[in-house]
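In the numbering used here, the protein residues as written are 18 to 632.
Ideal Cβ positions, reconstructed from N, Cα and C, are used throughout, including at glycine.
Everything numeric in this text was worked out from a predicted model, so none of it was measured.
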């Protein structure tokens, strides 16, 4: 049986990290145990000591050991009353080619051989005398009897039922891991509270503490890690989420997973990093230079979470007016320009009407570039102080499936040599320092590991996480902002989130490209102003499916409400308007106006009238 003052601590990182735990002077527990999975392998390492005779760091002997890095750590403070090594937690058992770690506080009674008999045929027997180890052996027997090789092979409902059965025997707080997932369960009577906190970079502080211990996460190598903490006692003044009695939560690679249970939502952190309150401040236009700046997409648009089909059925028809105006204090004498404003025409989008007006006029010619974009190039040889480009489009979009009915695809993808040659421009990540690419690669792989390397589930998880964990702040970035900058700062605008998604997808070996277009917000969207700017998102090539869009700014898959215009390796390949001023043109001012109007169908009457009223 466990002492009532024993504490649990579990940490779940998105990528391997190396924290430090120290007990405070005068508050040393009666022993401790510490378990982790070196280099995220299947084997667990455990350090434990039933006696603490002096102040020391937990695992101080391995702090500089290169194998002391893991995504999951489990710590238990306080020993069985006998103070023996055998009875000190956490406990480890091997099953299905991996080690499982288990820790518990509470009391389950003295007659477990009668109330919770073990089936010897399942091969799990306790070595010591604790109720915790007995309960762990019973749980592992249930796993083996179910034919499961990991926690993910079981339903979360089944795991919760097992823990509830144990809880009927006494008090039970549990942390349990197979190296991939971490399960935390709180006693049904509320015994010994259990708390949770999810932390996003950049860190608010690197020191967390309670009256018992200090947790140091200041390792500079780990400063970009996202992690979730489960602790008996809150370790900071942040808004920790307290488990409800009988509640179970599941974590994997720093993320809380949906177990299908009805649970209270976690409380927001102090800086509201995971919130959905988004700034809608006008994005500043780039300063004028010899090279005429490109039109920034989504200059004022903010995130939203639309339904995939928006309730409009299988198609949608839209009218789009896009006007760009350049004004100069001194006349421009000679200039050349390119315009990519004509929407795509293919199986999932039809252009019913397109008209482009330019003033002053110039010598123009049109062509299709290497990415399949419709481009108009023109030169103006007469002086002007104002240039406007106005495009009108009428477009019909069709619903498209993202899943393949033929097969499920897993990472890594295997390409035929000619396929890889064709996709090579969309497989190369941006030119960043190798150290930064390694950091981004680890972040990308955490999604694949969490989703069992299923391609589509990994991409959807990545898309939703960028929406949830990154702040949309207009003016916080520039055209020179790299994907690593966005990854570090956790903020940006639509082109930044698209660039980061593309970089991460390519590091996973998935072809990805940059897409510029428009989005119709409709009357049901939280941010109506998003229809008043061009928008950017990512597209990936899915085997047996084709190019499909992911919108990380909004955390949704691209569907009827997105109108596609131009694409390329990056923003420069798909910029709506660009140009070069050869003489004159100082003091430039840029204005961009976009209006997206839905032409209503019988399936959704009145939506456009509502949108106009709100605008």
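Boundaries of the beta strand (DSSP E) harbouring residue 338: 332-356, taken from the DSSP string. Nearest to residue 252 by alpha-carbon distance, out of 116, 40 and 339, is 40. Secondary structure remark: continuous alpha helix (DSSP H) runs of at least 4 residues inside the stretch 448-536, in chain order: 451-467, 472-486, 500-506 and 511-524. Where residue 131 is concerned, the enclosing alpha helix (DSSP H) starts and stops at 129-132.
DSSP places residue 153 in the uninterrupted alpha helix (DSSP H) bounded by 148-162.
Around the beta-carbon of residue 87, 16 or more other beta-carbon atoms lie within 10 Å, marking it buried. Between residue 539 and residue 580, the C-beta gap is not smaller than 8 Å, which leaves the two residues out of contact.
DSSP places residue 184 in the uninterrupted alpha helix (DSSP H) bounded by 173-184. Measuring C-alpha to C-alpha distances from residue 222 to each of 127, 236 and 495 identifies 236 as the nearest. Taking C-beta atoms as the reference points, residue 186 and residue 254 fail to come closer than 8 Å.
Residue 385 sits in a strand when the DSSP states are folded into three classes. Membership of residue 589 in the alpha helix (DSSP H) is indicated by the continuous run 588-591. Beta-bridge pairing by DSSP links residue 375 to 406. In this model, residue 171 and residue 199 are separated by some 13 Å (Cα to Cα). Residue environment for residue 38: buried (at least 16 other C-beta atoms within 10 angstroms of its C-beta).
In the DSSP assignment, residue 433 falls outside any alpha helix (DSSP H) and carries neither an H nor an E.
Taking C-alpha positions only, residue 238 is separated from residue 33 by approximately 10 Å. Just so you know, the alpha carbons of residue 214 and residue 265 end up roughly 14 Å apart. Residue range 552-559 is occupied by the beta strand (DSSP E) that includes residue 558. For residue 400, no beta strand (DSSP E) run applies, since DSSP gives it neither H nor E.
The way I'd put it, the stretch 348-366 does touch the stretch 395-403; three or more beta-carbon pairs between them come closer than 8 Å.
8 Å or more divides the Cβ of residue 518 from the Cβ of residue 571. Per DSSP, residue 606 is one residue of the beta strand (DSSP E) stretching across 606-616. Contact check for residue 203 against residue 263 passes: the beta carbons are separated by less than 8 Å. No Cβ-Cβ contact shorter than 8 Å links residue 188 with residue 217. With a cutoff of 8 Å on beta-carbon distance, residue 528 and residue 557 are scored as near each other. Annotated as proximal: residue 121 and residue 149, with beta-carbon spacing under 8 Å.
Residue 195 and residue 161 have their C-alpha atoms spaced approximately 13 Å apart.
Annotation: the continuous beta strand (DSSP E) that includes residue 34 extends over 24-34. By the 16-neighbour rule on beta-carbons within 10 angstroms, residue 467 is buried. Leaving aside the five residues that flank residue 366 on each side, the residues in its chain whose CB is nearer than 8 Å to its CB run, in chain order, 360, 412, 413, 414, 415, 580 and 581. The beta-carbon separation of residue 89 and residue 246, rounded to 12 Å, does not stay under the 8 Å limit for a contact.
Comparing alpha-carbon positions, the option among 167, 379 and 410 lying closest to residue 404 turns out to be 379.
Per DSSP, reduced to three states, the secondary structure at residue 417 is coil, with no helix or strand assignment.
When the alpha-carbon of residue 457 is set against those of 501, 68 and 565, the nearest one is in 501. Going by beta carbons, residue 438 and residue 241 fall outside the 8 Å limit.
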